[in-house]
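Working notes, structure below.
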Ligand code: PSU
Ligand code: MN
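Residue numbers (our numbering): 22 to 332.
Structural data, given as structure tokens:
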């Protein structure tokens with residue numbers, strides 16, 4: 022018996038090698054405010070459908086890891102107070118019949134288990150600032166499980182890089198150590214989520230979806246265990262004003278320090294603070310970049326499906 026539940030449309034698409042894209046639920050439950058999170062969850066799915074791609078939004082509901090949600094499932098991830106579930110939480114939720122919104126790590130794990138090869142999100146988790154400590158502060162060791170999970174999970178994740186609230190340089194170093202390929206999609210600069218560019222150069226740039234599909238095929242042939250990170254920057258005319266961005270982030274760090282937020286509460290705290298302090302601007306940009314990632318993931322899934330069907 023499979024511990025997973027695939028929706029009928031996802032199971033049919035996979036059986037036929039038609040394109041499928043996984044979508045995470047933590048971004049809906051914990052990354053975006055109500056009620057726009059429900060609109061976003063529905064919109065990401067319809068962007069995929071319009072491109073002929075089957076959406077597989079993933080969450081654990083009443084102990085069952087669900088790959089593809091029905092309308093009620095989508096409503097539940099947006100409306101209910103769900104636990105934020107990473108890979109380590111999955112067996113516990115499954116055993117006790119609990120529910121959780123899956124992070125990038127947990128979504129990638131479940132999607133790969135179901136045979137899905139492409140996943141769209143907003144931003145990856147990464148190494149938090151202060152993870153390694155400094156002369157004044159002890160190390161927090163706060164590195165997202167997204168990174169080590171991608172080291173052992175065969176999935177291609179499209180993201181706008183990692184949020185600039187993280188330590189981007191350290192995150193890229195960890196991805197290198199973990200041997201996770203990172204390719205810039207039409208860029209050779211790693212993006213910084215709300216901003217088109219971080220200060221970090223990438224070794225590899227791809228120009229389109231077919232190139233990513235070819236890398237996926239080569240990855241399989243070479244027996245690599247790692248996933249692939251496709252770093253897809255937001256278009257320049259949609260990015261957040263950099264000066265405004267810097268100002269709001271400084272406020273957010275000060276507020277997190279004062280509130281003493283730790284562990285997995287850090288990302289949701291900073292995100293919601295930043296939405297408020299930016300007067301909603303960060304939210305608009307977050308939605309734009311996520312839509313943009315969903316579109317690119319759809320193209321990659323289509324190219325992957327075409328490659329599979331041709332072979
Ligand atoms: N990036 C976003 N919004 C989010 C997240 C990342 O723009 O909601 C979520 C993702 O689900 C990611 C998680 O996997 O935060 C990382 O959390 P942590 O740092 O606790 O691993
Ligand atoms: Mn963490």
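For every residue, glycine included, the Cβ atom is placed at its ideal position computed from N, Cα and C.
Note the first and the last residue of the continuous alpha helix (DSSP H) segment covering residue 25.
The residue given as residue 25 occupies position 4 in the chain shown. Counting along the chain, residue 25 falls outside any alpha helix (DSSP H), and DSSP gives it neither H nor E.
query: Exposed or buried, residue 69, counting other C-beta atoms within 10 Å across all chains shown (16 or more means buried)?
result: The residue labelled residue 69 in the question sits at position 48 within the chain shown. Residue 69 is buried by the Cβ-count criterion.
- Task: Could you name each continuous alpha helix (DSSP H) segment of 4 residues or more that falls completely within the region 22-57, going from the start of the chain to the end?
- Result: 29-36
Inset, instruction - Just the C-alpha distance for residue 302 and residue 308, rounded to the nearest angstrom, thanks. - result: Residue 302 sits at position 281 when you count from the first residue of the chain shown. Residue 308 sits at position 287 when you count from the first residue of the chain shown. If you take the alpha carbons of residue 302 and residue 308, they lie about 10 Å apart.
What would DSSP say about residue 132, mapped onto helix, strand or coil?
Counted from its first residue, the chain shown places residue 132 at position 111. Correct three-state label for residue 132: helix.
Specify whether the region 180-193 and the region 203-216 touch according to this definition: at least 3 beta carbon pairs, one from each stretch, less than 8 Å apart. yes
* To do: Could you round the C-beta distance between residue 77 and residue 43 to whole angstroms and report it? I think they count as a contact, below 8 Å.
  => Taking the chain shown and counting its residues from 1, one reaches residue 77 at position 56. Taking the chain shown and counting its residues from 1, one reaches residue 43 at position 22. About 5 Å separates the two Cβ atoms, so the contact holds.
| task | Report all residues from its chain with a CB closer than 6 Å to the CB of residue 95; omit the five preceding and five following residues, and keep chain order. | result | For the purposes of this step, residue 95 is taken as residue 74 along the chain shown, with counting starting at 1. For residue 95, where only same-chain residues beyond five positions count, the Cβ hits under 6 Å are 62.
| request: Within the same chain, show all residues whose beta-carbon is closer than 6 Å to that of residue 72, passing over the 5 residues directly before and after it, in chain order. | output: What you label residue 72 is simply residue 51 of the chain shown in a count that begins at 1. The residues are 319.
DSSP three-state label for residue 138, please.
Walking along the chain shown from the start, residue 138 turns up at place 117. In this structure, residue 138 counts as coil in the three-state DSSP scheme.
Against chain D, with Cβ distances strictly below 9 Å, would residue 58 count as a contact? The question asks about chain D, but that chain is absent: this structure has only one protein chain.
| field | residue 144 CB to nearest heavy atom of ligand 1 below 8 Å | value | As a first step, residue 144 must be located in the chain shown, where it is residue number 123. Checking every heavy atom of ligand 1 against the Cβ of residue 144, one is found closer than 8 Å.
query = Is the CB-CB distance between residue 342 and residue 311 below 9 Å?
reply = Here the chain has residues from 22 to 332 only, and residue 342 is not among them.
Buried versus exposed call for residue 157 [16 or more other C-beta atoms within 10 Å across all chains shown]:
Numbered from 1 along the chain shown, position 136 holds the residue referred to as residue 157. When all chains shown are included, residue 157 counts as exposed.
Integer Cβ distance of residue 201 from residue 260, believed to fall under 8 Å
As a working note, residue 201 is residue 180 in the chain shown. As a working note, residue 260 is residue 239 in the chain shown. Contact doesn't hold; Cβ gap of about 25 Å is too wide.
Query - Per-residue DSSP class, three states only, for residue 243 - result: Within the chain shown, the letter at position 222 stands for residue 243. Residue 243: coil per DSSP, three-state reduction.
| What is the DSSP secondary structure of residue 72, reduced to helix, strand or coil? | Position 51 of the chain shown, counted from the first residue, corresponds to residue 72. Of the three classes helix, strand and coil, the one that applies to residue 72 here is coil, per DSSP.
- Other residues of its chain near residue 27: CB distance less than 7 Å, five sequence neighbours each side excluded: Here the question's residue 27 lines up with position 6 in the chain shown. Cβ neighbours of residue 27 beyond the five flanking positions: 88, 89 and 135.
_Nearest neighbour of residue 137, chosen from 129, 144 and 143 [CA to CA]_ = Here residue 137 refers to the residue found at position 116 of the chain shown. Comparing Cα positions, the closest option is 129.
* Would you kindly work out how many angstroms separate the C-alpha atoms of residue 233 and residue 279, rounded to a whole number? => Counting from 1 along the chain shown, the entry for residue 233 is found at position 212. Counting from 1 along the chain shown, the entry for residue 279 is found at position 258. Cα-Cα distance, rounded: 43 Å.
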